[in-house]
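Under our numbering, read the sequence shown as residues 50 to 435, first letter to last.
Glycine included, C-beta positions come from ideal geometry on N, C-alpha and C.
Heads up: the structure comes next, in structure tokens.
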Amino acid sequence: MLILMRLIMWPFSLLLYLMYLITGSYGWSIVLFAVAIKLIMLYPSAKSKRNTMHMARMNPKMQEIKKRCGNDQERYAMEIQKLYQSEHVNPLGGCLWSFLPLPILIALYGIIRRPVLNFMLINMARPEALEKVEALKQALINIGYEFPQSQQAYEEIQIAKGIFEHPDAMQAIVPQVFPIDFNFLGFIDLTAIPWSAFGQLQQGNVSLATFALILIPIVSGLLNLALSVVSMRTSINTDPAMKSQQTMMMVMMPLMSVYIGFILPASLGIYWIAMSVFSIVQELILQKYYGAKLDKEEAAREEAARQDRIRRMEAAKNRPQVQDRNTSKEKRKRQNQSGAAPQKKKKNSTTEAGRVGDRPYARGRSFGNHYDELDEEPSSDETTDQ
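Printed below as a string of structure tokens:
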């Protein structure tokens, strides 16, 4: 397990070492390390953001499906799946990448907590590296350094400070080590635990460095809260339970970052601050970019749907005309094949056949010869009646 953790930490140690070579400052190397991590994760982060914004725009359609399906969960699941397919959205897209910052944070903590083993001697085999660390510790004890049992988890930080103060003597023992200046901006000790600053204040040690240590976790929490607010602007959720859960997470995450920032070395708080700042900038840029892009895509889909409706309407209008033309064509074809079609005999008017005297319609419809011409002259009785 330790070997696996060392393998995981190796690329991050190498990246942090490269940043340290560029800046010559431990604090600024952590800031640049955060920039590099954000750039590495830019593509999956952008993909995840686009997916989140697209799903937020789909929320009205999802609510409509929910209303239409009622309590039929199976039908609702099928309709939602069809909606995802039609919109080309993966509800799990980017979820895996969203968990990546946590192992990176754990790896960075391992580097910060053990700077000799996981930073200076990262290319050395672990058993040999542990022997070198123990040799350095013993050399520092011999010249008067103390390593309290309560600080055993961070004793390599004390060894790294001893290397910085006695570089020649320590490099004579282990040539691979090098001095690291843990001061940031000239007055912040990045190896210090911010919670210890309250003890310094009680002892009357009031200084800018002390207040800076206290402010690091607080600023980290505030920036984390700002990031949550900016991120949730594109998350539209009408479910009261989900809204409550999102609100709770928006509050709990900053509080957790404040707590962690107070109990861990200040360098981790600097990393968290840098990540929050760059994440806020990234969120604003991606929201603007994908907002405009999704607007164009939605407008294009609406235009395509409108054109499709117009084509269907025109097809519906033209269909009877085509049918009539085809019918007439077939009729003419049959007439040409069988000769002239017999003309239908016109029915005569009832004016003469139904006439009695000067009353042309006197006989009415009950008269048997109502629609036929009179074949013989009216009888004498009829003439008399006239």
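DSSP beta-bridge partners of residue i
i, result
"Ile-237", "Phe-233"
Where residue i falls, given that 16 or more other Cβ within 10 Å makes a residue buried
i, result
"His-103", "buried"
"Pro-303", "buried"
"Val-278", "exposed"
"Ala-364", "exposed"
"Val-226", "buried"
"Tyr-69", "buried"
"Met-324", "buried"
"Ile-192", "exposed"
"Phe-311", "buried"
"Ala-184", "exposed"
"Asn-397", "For Asn-397, the pLDDT reaches just 49, beneath the cut-off of 50, and the residue's location in the model is therefore unreliable, although a value from the coordinates is still provided. Exposed."
"Glu-195", "exposed"
"Phe-231", "buried"
"Leu-166", "buried"
"Thr-296", "exposed"
"Leu-91", "exposed"
"Val-182", "buried"
"Asn-273", "buried"
"Tyr-75", "buried"
"Ala-126", "exposed"
"Met-107", "buried"
"Ala-341", "exposed"
"Pro-314", "buried"
"Lys-98", "buried"
"Ala-209", "buried"
"Glu-332", "buried"
"Met-301", "exposed"
"Ser-199", "exposed"
"Tyr-339", "buried"
"Ala-354", "exposed"
"Leu-234", "exposed"
"Phe-236", "exposed"
"Met-362", "exposed"
"Leu-53", "exposed"
"Ser-94", "buried"
"Ala-156", "buried"
"Leu-170", "buried"
"Leu-276", "buried"
Residue i - DSSP class collapsed to helix/strand/coil
i, result
"Ala-349", "helix"
"Asn-397", "Because Asn-397 carries a pLDDT of 49, less than 50, the predicted location of this residue cannot be relied on, and no value is offered for it."
"Gln-252", "coil"
"Ala-174", "coil"
"Gly-318", "helix"
"Asn-139", "coil"
"Arg-55", "helix"
"Phe-148", "coil"
"Arg-106", "helix"
"Tyr-308", "helix"
"Ser-97", "helix"
"Ile-242", "coil"
"Ile-161", "helix"
"Asn-120", "coil"
"Ser-277", "helix"
"Ser-74", "coil"
"Met-90", "coil"
"Leu-313", "coil"
"Pro-197", "coil"
"Ile-155", "helix"
"Ile-114", "helix"
"Ile-359", "helix"
"Ile-263", "helix"
"Ile-192", "coil"
(request) Evaluate the contact criterion for the stretch 211–223 versus the stretch 306–315: three or more CB pairs, one atom per stretch, below 8 Å. (result) no
(message) Across the stretch 74–88 and the stretch 311–324, are there enough close Cβ pairs to call them in contact, namely three or more that are closer than 8 Å?
(response) yes
(message) Extract the residue ranges of the alpha helix (DSSP H) inside the stretch 202–231, only unbroken runs of 4 or more that lie entirely within it.
(response) 204–214 and 216–222
(request) Could you tell me whether the stretch 197–209 touches the stretch 148–162, where touching means 3 or more Cβ pairs closer than 8 Å? (result) yes
(message) Taking 8 Å as the cut-off, does the stretch 239–248 touch the stretch 257–267 (at least 3 CB pairs, one atom from each stretch)?
(response) yes
(message) Whether or not the stretch 266–275 and the stretch 342–355 are in contact is what I'm after, with contact meaning three or more pairs of Cβ atoms, one per stretch, closer than 8 Å; do they touch?
(response) no
(message) If we require 3 or more residues per run, which beta strand (DSSP E) segments fall completely within the stretch 319–344?
(response) none
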